[in-house]
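In what follows, a single structure is set out as structure tokens and then discussed.
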């Protein structure tokens, strides 16, 4: 079940600017994500979409601007603080732990939920073992949900790309995030894989009520999935609204098709 | 005046032995620049080159060849050995390991180190072999400024000269020749370089050969100073901190790092050593490198690395 | 045909997460432990072949056990956490000399404070464990640079540890209790009233400790902390984004690794060598440990044992086999052969099978499961 649409703002990015050397990746971008929605960020290559996600989860520190997440405003934070705050993330080029099995990858996503420290883990008995089993149980639910039971013991380096993307989604879900950032979840997939992934995204949003912000190139997918779409071009937000509003925006059409002079 | 004179003598001695570290460090930088491989085997290559040279020389002289002929043939022989080594390394180790991460490549060069050390000593023997290519007597300079003058070893002057020529040569090679340009392209992105038709295997062979020849040059100077022997590999290990201090990708950095380490450890040994038991030359370079790493991880001359996801 | 897991159903996650989920493996391990704990001591007590003399115990099994333990420590840092270390020998030395100082009593006069720190001599067992803890502390200290620097750079940081401690234990007489020769002697090995003296007793002591520590290490690497280490090893940026703190993960790896290596160092000095000099823990030892880990298998506890066994057995074979064939090799040639064999094996394994012999064994088992009908 999907939570009733509220207008409660989960994430507010305000006036963010970011540059690398002389290249200005983001220029004064503001956008928000409402609780429970699927929010898409689209734009041509080099528009600053991935930079935007990197700013949100603390990998890049913006030169200017603030990020308000769950009511707390800050101008910079460390990636692991973002994770602790409840932001999970997948990557454009899959960033799995290649030497570990699919199961271990997803189990690693539970790190923040682990309560027992080193000394308990050494002994691996009593409360530590009980905790480990609870995490395993949660992870198996995610494995069921993503339909990857058969590959749980396979080192992820050996999996085909589509399955790797699924494991990566599983790892992000294992964190039980409040906000899930997906960086091109369907890049490089065939039609069938795209359909599967779309279904998982919608199901995550429906079943767990997870707020999702995603970057995607496939317009059809974006328009179908998302509640609201923001369009970036050359580091500037040029449109923001429902899929229909964005589709009809003059600025978007020009950005994608070029301007006739 | 005596104190200043002594300090200058220590400083010059240190700078000069720093040049020797730089000679080895140059070989490291060459390989690191071109293939991203942190070559632990550079010290072993110095040993191999030295052994090949000195044994060939001894054999030729013993068979009645005139000295200059023996030297030319000996150097040619040692160069041929280094070329073979470069080819073998490229063919059997670095080639197959293309695309592996830096750590794997580094560990593979530790393996290469052992093979070279074992093979070199098995073929050429494992004693101490004296090498006399350069004069080793001392000069006393500035005798009218300081009482007794300042002692400068002629060999050190030769070493500095050779290092200078080598750096100039390498600079020209990198900047002006076609192979040099291809080399820099491979260093930047070997896949992209491959796609525009640069033969990577050949380039890597050239790099390892260049590093081998640099090792040969280092071996002539070091061999004259200490005799060709196994412990050269340990001294060559000091090129690692030299590199960290200078920056891994910088040829001027290798020179500057060598000079800093050489001078620093001599001065520390003479002025600090006696109060804490002596022998601090043994670790000074490494601890200095550690300090540099904490303050400026890319080294004095290195490029800053920007990471992306 | 015997090696099948058909019919072995796992009904709980706990069963599925066992170290050896397959019954045949558990039986094999039980047999191995039985031989190690009961068979070997029995044979050795009655001097039955191959234990006619103490050679096998002293020269092979004892060093094997202790070095395997040190290799486990090295493997945690290098194989599991991906932090290269060329300084394992130094951490063995720290364990050994700390234990030595603690067992003989520590006295640090602080003249300018007109005060002295004095710790009375501690029991042997406590000293060995505390020696490990001190090594862990120093390990954390030298691990701090790993937070800013990676891979190759770290190699130099660990080399700094190696050379600095080589020097310190040689030149600072306080560590050796001012022994004029620089060599120190192990204390009487009194464990809670039991005096460990004969080779069999020493062997059993090490076997017990090493088995226990290997089990605990295995627990760590298959738990959450182990997953954090491997995550840092495989992709540190992604690890950070799922909430793993690099600071915590790396420093715990340094601490645990150094603790194990430190204990191994203390055992090496006290139980195996008896009297020792800093040379016993030189860079050669560090490289030897690294080789054990690469050959045995990066990221495998069992591999550490396999690697240690291999590294120790090769020189003995080089000694025995040519002699049997009538062409005995000189010690020097053997050393050269050793260098060449280990070096080329390292290169070969890094190219063909980075997970070493441990992976080769598991591939073998995989095949055995299907044999003789691999369809």
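Chains as they are written, first to last, in this note's numbering: chain A, 2 to 262; chain B, 38 to 346; chain C, 736 to 1110.
We put the beta carbon where it would ideally sit given N, CA and C, even for glycine.
Whether residue i touches residue j by CB criterion (9 angstroms)
{"i": "residue 228 of chain A", "j": "residue 88 of chain A", "result": "no"}
{"i": "residue 350 of chain B", "j": "residue 1080 of chain C", "result": "Outside the shown range of chain B, which is 38 to 346, sits residue 350 of chain B, and nothing can be said about it."}
{"i": "residue 880 of chain C", "j": "residue 84 of chain B", "result": "no"}
{"i": "residue 829 of chain C", "j": "residue 993 of chain C", "result": "yes"}
{"i": "residue 1021 of chain C", "j": "residue 893 of chain C", "result": "yes"}
{"i": "residue 810 of chain C", "j": "residue 1038 of chain C", "result": "yes"}
{"i": "residue 16 of chain A", "j": "residue 66 of chain A", "result": "yes"}
{"i": "residue 320 of chain B", "j": "residue 899 of chain C", "result": "yes"}
{"i": "residue 1013 of chain C", "j": "residue 905 of chain C", "result": "yes"}
{"i": "residue 263 of chain B", "j": "residue 298 of chain B", "result": "no"}
{"i": "residue 54 of chain B", "j": "residue 193 of chain B", "result": "yes"}
{"i": "residue 115 of chain A", "j": "residue 955 of chain C", "result": "no"}
{"i": "residue 68 of chain B", "j": "residue 176 of chain B", "result": "no"}
{"i": "residue 260 of chain B", "j": "residue 127 of chain B", "result": "no"}
{"i": "residue 258 of chain B", "j": "residue 196 of chain B", "result": "yes"}
{"i": "residue 237 of chain A", "j": "residue 29 of chain A", "result": "yes"}
{"i": "residue 122 of chain B", "j": "residue 153 of chain B", "result": "yes"}
Chain-order list of residues whose beta-carbon lies under 8 angstroms from that of residue i (same chain, five-residue window excluded)
{"i": "residue 1008 of chain C", "result": "921 and 1015"}
{"i": "residue 981 of chain C", "result": "882, 967, 971, 974 and 975"}
{"i": "residue 346 of chain B", "result": "Note that residue 346 of chain B scores 44 on pLDDT, short of 50, meaning its location in the model is unreliable and no value can be drawn from it."}
{"i": "residue 1073 of chain C", "result": "1049, 1050 and 1053"}
{"i": "residue 856 of chain C", "result": "837, 838, 839 and 840"}
{"i": "residue 92 of chain A", "result": "169 and 184"}
Start-to-end residues for the beta strand (DSSP E) that takes in residue i
{"i": "residue 75 of chain A", "result": "73-75"}
{"i": "residue 796 of chain C", "result": "Careful: residue 796 of chain C lies outside any beta strand (DSSP E) and carries neither H nor E."}
{"i": "residue 241 of chain A", "result": "237-242"}
Contact set for residue i: own chain, Cβ-Cβ below 6 angstroms, skip 5 residues either direction
{"i": "residue 48 of chain B", "result": "300"}
{"i": "residue 80 of chain B", "result": "270, 273 and 274"}
{"i": "residue 256 of chain B", "result": "83, 86 and 87"}
{"i": "residue 179 of chain A", "result": "87"}
{"i": "residue 323 of chain B", "result": "278"}
{"i": "residue 162 of chain B", "result": "none"}
{"i": "residue 910 of chain C", "result": "832 and 904"}
{"i": "residue 206 of chain A", "result": "39 and 213"}
7 angstroms Cβ cut-off: residues of chain A touching residue i
{"i": "residue 810 of chain C", "result": "The premise fails here: residue 810 of chain C is roughly 13 angstroms from chain A at the closest Cβ pair, so nothing lies under 7 angstroms."}
{"i": "residue 987 of chain C", "result": "119"}
{"i": "residue 951 of chain C", "result": "123"}
Interface partners of residue i on chain C, CB under 7 angstroms
{"i": "residue 54 of chain A", "result": "Simply none; closest approach about 10 angstroms."}
{"i": "residue 115 of chain A", "result": "959"}
{"i": "residue 80 of chain A", "result": "975 and 976"}
Terminal residues of the alpha helix (DSSP H) in which residue i lies
{"i": "residue 259 of chain B", "result": "237-263"}
{"i": "residue 932 of chain C", "result": "Taken as a continuous stretch (DSSP letters only), residue 932 of chain C belongs to no alpha helix (DSSP H), as it is neither H nor E."}
{"i": "residue 203 of chain B", "result": "191-213"}
{"i": "residue 995 of chain C", "result": "981-1002"}
{"i": "residue 959 of chain C", "result": "959-969"}
{"i": "residue 125 of chain B", "result": "104-126"}
{"i": "residue 95 of chain A", "result": "Residue 95 of chain A -> no alpha helix (DSSP H), and no H or E assigned at all."}
{"i": "residue 1020 of chain C", "result": "1018-1031"}
{"i": "residue 138 of chain A", "result": "128-147"}
Partners in chain A for residue i, counting only beta-carbon separations shorter than 8 angstroms
{"i": "residue 749 of chain C", "result": "130 and 134"}
{"i": "residue 973 of chain C", "result": "92, 96, 97 and 98"}
{"i": "residue 818 of chain C", "result": "What residue 818 of chain C touches in chain A: nothing, since even the nearest Cβ is about 14 angstroms away."}
Identified DSSP bridge partners for residue i
{"i": "residue 89 of chain A", "result": "A/181"}
{"i": "residue 166 of chain B", "result": "B/265"}
{"i": "residue 10 of chain A", "result": "A/35"}
{"i": "residue 232 of chain A", "result": "A/43 and A/240"}
{"i": "residue 20 of chain A", "result": "A/25"}
Proximity test, residue i beta-carbon vs the ligand COA heavy atom, cut-off 8 angstroms
{"i": "residue 265 of chain B", "result": "As for the ligand COA, it is missing from this structure, which has no ligand bound."}
Own chain, CB closer than 7 angstroms to residue i, minus 5 neighbours either side, in chain order
{"i": "residue 5 of chain A", "result": "Caution is warranted here: a pLDDT of 49 is assigned to residue 5 of chain A, below 50, making its placement in the model unreliable, and the coordinate value is therefore given only provisionally. Nothing meets the Cβ criterion."}
{"i": "residue 145 of chain B", "result": "130 and 134"}
{"i": "residue 203 of chain A", "result": "226"}
{"i": "residue 217 of chain B", "result": "210 and 211"}
Per-residue contacts from residue i into chain C (C-beta, under 8 angstroms)
{"i": "residue 268 of chain B", "result": "Here the premise fails: no neighbours, minimum Cβ distance about 12 angstroms."}
Per-residue contacts from residue i into chain B (C-beta, under 7 angstroms)
{"i": "residue 887 of chain C", "result": "75, 139 and 143"}
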